[in-house]
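Before any comments, here is the structure.
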Amino acid sequence: MRYRLMRYPGGKPKALTLSYDDGIRADLKLCEILKKYGLKCTFNINSGSLTLPSMINPNRLTVDEIKEHIVGAGHEIAVHGRRHLAPGIASAPVAIKDVLDCRTELEEIFGTVVRGMAYPDTGITKIHYPNSFASIRSYLSELGIVYSRTLSADNNSFMLPEDFLAWVPTAHHNNPNLMKWADEFIEADGYHKIITRRYPRLFYLWGHSYEFDNNDNWDVIERFAEKMSGRSDIWYATNIEIYEYVEAYGRLVTSADGSRIYNPTVTEVFMHIDGKEYSVKPGETLVL
Ligand SMILES: [Zn+2]
213 MRYRLMRYPG GKPKALTLSY DDGIRADLKL CEILKKYGLK CTFNINSGSL
263 TLPSMINPNR LTVDEIKEHI VGAGHEIAVH GRRHLAPGIA SAPVAIKDVL
313 DCRTELEEIF GTVVRGMAYP DTGITKIHYP NSFASIRSYL SELGIVYSRT
363 LSADNNSFML PEDFLAWVPT AHHNNPNLMK WADEFIEADG YHKIITRRYP
413 RLFYLWGHSY EFDNNDNWDV IERFAEKMSG RSDIWYATNI EIYEYVEAYG
463 RLVTSADGSR IYNPTVTEVF MHIDGKEYSV KPGETLVL
């Protein structure tokens, strides 16, 4: 064996995920667009907007709206800090409480397990002494957060993150290259004759739905969703679905020469080995 490359569920070479913040009323319109085009999104919620009198206001989604239009539609809810505090700036005890309170409140209110996060505010882009990314990364892991989205490094590599706790998206929806990069993503050949170019690609879009109202540009997301929708080589997934699948792939147990691959997980895992497509079902061993 020379190269083994991960494929997404069903053997698909590409995945698309979205991440929208703050649980604002405009998310309802975004949900309608996602439904129309069959896309999946992670909605990052400040639990304080559901539990703290000082943060509750008519601009924020209610518990019932989140249940019906987000959780009920197969989207993910994730931590965005109970009070929206930037871990790079807030002191560790304050930031830890903000993350843990948000996680426990969302889990209690919605009866789910919440392990995802998007860094609020400036997140980890501005780290004030004595905070450090190493420390933030360590306490988030201890709090059971498995991935967290950062910002400000848009790029068209379409690579999965090296570190899920510093997950850099492809683009904010206001990026002037958005449609160009969407075309590049669609045109990328998942079956290229050079095997190393068949790596799993991810397009990760993020933003705030209220920006579409503020900039009067709902057509941006409508055109993006339409362009990306209904493609047989794209897996439409939430952030946590991508994390969990990649994690399952990472848990495959392989002989030193790569010829025997055991899948100890409960997920069927797909891969591409030296030009051929394979999958390993839960509990099974693939012998090449
Ligand atoms: Zn936010």
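Everything in the sequence shown is counted per our numbering, starting at 213 for the first residue and increasing by one.
Note that beta-carbon positions come from the ideal geometry of N, C-alpha and C, so glycine has one too.
Which term fits residue i, buried or exposed, when burial requires 16 or more other beta carbons within 10 angstroms of its beta carbon?
| i | result |
| --- | --- |
| arginine 315 | buried |
| aspartate 239 | buried |
| aspartate 233 | buried |
| asparagine 389 | exposed |
| asparagine 451 | buried |
| threonine 458 | For clarity, residue 458 is valine in the given sequence; the question names threonine instead. Classification for valine 458: buried. |
| methionine 391 | exposed |
| valine 306 | exposed |
| asparagine 475 | buried |
| tyrosine 455 | buried |
| methionine 371 | exposed |
| tyrosine 448 | buried |
| threonine 477 | buried |
Relative to the C-alpha of residue i, which candidate in the options has its C-alpha closest?
| i | options | result |
| --- | --- | --- |
| threonine 466 | Glu496, Lys224, Tyr457, Ile452 | Glu496 |
| tyrosine 331 | Leu246, Trp418, Leu372, Lys439 | Trp418 |
| methionine 213 | Tyr490, Pro476, Ile485 | Ile485 |
| alanine 290 | Glu453, Val481, Phe370 | Glu453 |
| glutamate 434 | Arg237, Leu230, Ser231, Tyr249 | Tyr249 |
| phenylalanine 397 | His384, Asn368, Ile473, Leu230 | Asn368 |
| alanine 460 | Met483, Ala468, Arg409 | Met483 |
| glycine 442 | Cys243, Lys247, Asp401 | Lys247 |
| threonine 408 | Ile473, Lys488, Glu288, Thr254 | Lys488 |
| arginine 272 | Cys243, Glu399, Thr337, Arg237 | Arg237 |
I need the straight-line Cα distance from residue i to residue j, nearest angstrom please.
| i | j | result |
| --- | --- | --- |
| glycine 284 | isoleucine 278 | 8 Å |
| leucine 498 | valine 492 | 6 Å |
| glutamate 280 | glycine 235 | 13 Å |
| asparagine 386 | asparagine 429 | 9 Å |
| histidine 292 | methionine 440 | 27 Å |
| leucine 363 | valine 380 | 6 Å |
| lysine 405 | isoleucine 446 | 19 Å |
| glycine 335 | serine 350 | 15 Å |
| glutamate 438 | tyrosine 341 | 44 Å |
| leucine 500 | alanine 298 | 48 Å |
| glycine 462 | arginine 294 | 32 Å |
| threonine 274 | glutamate 480 | 36 Å |
| leucine 352 | glutamate 320 | 19 Å |
| asparagine 256 | serine 231 | 7 Å |
| glycine 286 | aspartate 431 | 24 Å |
| serine 266 | serine 303 | 22 Å |
| proline 494 | leucine 464 | 10 Å |
| isoleucine 339 | lysine 309 | 18 Å |
| aspartate 276 | tyrosine 490 | 43 Å |
| alanine 365 | histidine 384 | 10 Å |
| lysine 252 | aspartate 395 | 19 Å |
| proline 270 | glutamate 288 | 22 Å |
Would you say the beta carbon of residue i is closer than 8 Å to some non-hydrogen atom of ligand 1?
| i | result |
| --- | --- |
| asparagine 258 | yes |
| proline 501 | The structure shown has nothing for residue 501, since the chain only spans 213 to 500. |
| histidine 384 | no |
| aspartate 310 | no |
| aspartate 239 | no |
| aspartate 233 | yes |
| histidine 292 | yes |
| histidine 404 | no |
| histidine 287 | no |
| histidine 281 | no |
| histidine 296 | yes |
| histidine 420 | yes |
Inter-stretch contact (C-beta, 8 Å, three-pair minimum) for the segment 214 to 227 and the segment 248 to 266: Two segments are said to touch when three or more pairs of C-beta atoms, one from each, lie closer than 8 Å; by this definition the segment 214 to 227 does not touch the segment 248 to 266.
At least three beta-carbon pairs within less than 8 Å, the segment 339 to 347 to the segment 311 to 328: Verdict: no, contact absent.
Three or more C-beta pairs below 8 Å linking the segment 365 to 383 and the segment 422 to 429: Contact fails: fewer than three Cβ-Cβ distances are below 8 Å.
Stretch-stretch touch, CB-based, cutoff 8 Å, three pairs: the segment 402 to 416 with the segment 224 to 231: For the pair of segments examined, the segment 402 to 416 was found to touch the segment 224 to 231: the number of CB pairs separated by less than 8 Å reaches three.
Segment contact, 8 Å Cβ cut-off, at least three pairs: the segment 318 to 337 with the segment 355 to 362: Because the criterion of three Cβ pairs below 8 Å is met, the segment 318 to 337 and the segment 355 to 362 touch.
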